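*Asks:* What follows is a single structure, and I will ask about it in a moment.
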Amino acid sequence: MKKGIFIDYSLFDELFAEICLTEKYQSLKNNIAHAGVTTYDHSVNVAKACYEYAISRGVKCDLRSLTRAAFLHDYYFYDWHKMPLFTFHGIKHAKTAARNATRDYNLTPKERRIIESHMYPLNLFHPPLSKEARILIKMDRKCTIGEMKSAKKKKKTV
Ligand SMILES: [Fe+2]
Ligand SMILES: [Fe+2]
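The sequence shown begins at 6 in the numbering used here and counts up one residue at a time.
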C-alpha cells in the first residue's frame, strides 16, 4: 500500500460485520488455505488488500462488490489438503464458493462473476470481465505468495 494515504475503513468494517461474523463464515477458521494459514485469515487478508489497493490507487470501481466478493472468494467448507488426489480443487473451488456465497449472502450477478473468475486462467471459461475481478486475482496471488513466504520464514527461525 502507498504510504501517507488516508484510508477510510468504514465500508470495510461494515461488510466485515455483515459477512464474517456468521457461524458458517467463522467455520473457515477450521480449514487451511495454504502454508498453515486458515481460509478465514486468507480471505480477510485478501479482502483488506483489495480494499486498500482500490482506495490507495484511486481506482474507480464498485468497492462494495469488490470487497464482498473478496471476503467470499474462497467460501468453501473443506480442507483441500485432506481431499483425495485429482479432485481438481484449484479449478473447481471458485464455482463452489460462488454457489455457496449466492445461497448465504444474496450475491449480485456481478459479485458472483468476480468470484467465479478468481482462479483464471485455471478456469479458462471464466475470464475476469471487470476491473474488480482483475483486482481480486492480483491481490489473491499477492496475499498467497506473502502468506507462503512468511510461513517459510517462520519455519527457518524455529
Ligand atoms: Fe481461491
Ligand atoms: Fe484465495
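Glycine included, each C-beta is placed from N, C-alpha and C at the ideal position. As the structure is a computational prediction, the values presented were derived from the model and not from experiment.
Taking the alpha-carbon positions, what's the Tyr58 to Lys157 distance?
*Replies:* Spanning the two alpha carbons is a distance of roughly 25 Å.
*Asks:* Find out if the Cβ-Cβ distance for the pair Cys66, Glu137 is shorter than 8 Å.
*Replies:* Closer than 8 Å, so yes.
*Asks:* Under a three-way DSSP split, which group does Ile37 fall into?
*Replies:* Reduced to three states, the DSSP call for Ile37 is strand.
*Asks:* Just to check, is the beta-carbon of Asp84 closer than 7 Å to a non-hydrogen atom of ligand 1?
*Replies:* Answer for Asp84: no, Cβ out of range of ligand 1.
*Asks:* Determine the burial state of His123: buried for a count of at least 16 other Cβ atoms within 10 Å of its Cβ, exposed for fewer.
*Replies:* Buried, by the Cβ-count rule.
*Asks:* For Thr92, count the other beta carbons within 10 Å of its own beta carbon; 16 or more makes it buried, fewer makes it exposed. Which is it?
*Replies:* It is exposed - the Cβ of Thr92 has fewer than 16 other Cβ atoms within 10 Å.
*Asks:* For Val42, which beta-bridge partners are listed by DSSP?
*Replies:* DSSP, once it has assigned bridges, lists His39 as partnering Val42.
*Asks:* Could you tell me which of Leu68, Asp79, Arg62 sits nearest to Lys34, measuring between CA atoms?
*Replies:* Nearest option by C-alpha distance: Asp79.
*Asks:* Can you give me the Cβ contacts of Lys147 inside the same chain, cut-off strictly under 8 Å, excluding the 5 residues immediately before and after it?
*Replies:* Around Lys147: Ala54.
*Asks:* Relative to the C-alpha of Thr149, which residue among Val49, Phe11, Gly63, His131 is closest?
*Replies:* Ranking the options by Cα distance to Thr149, first place goes to Val49.
*Asks:* Run the CB neighbour count on Glu28, radius 10 Å, all protein chains shown included, and call it buried at 16 or more, exposed below.
*Replies:* Under this definition Glu28 is an exposed residue.
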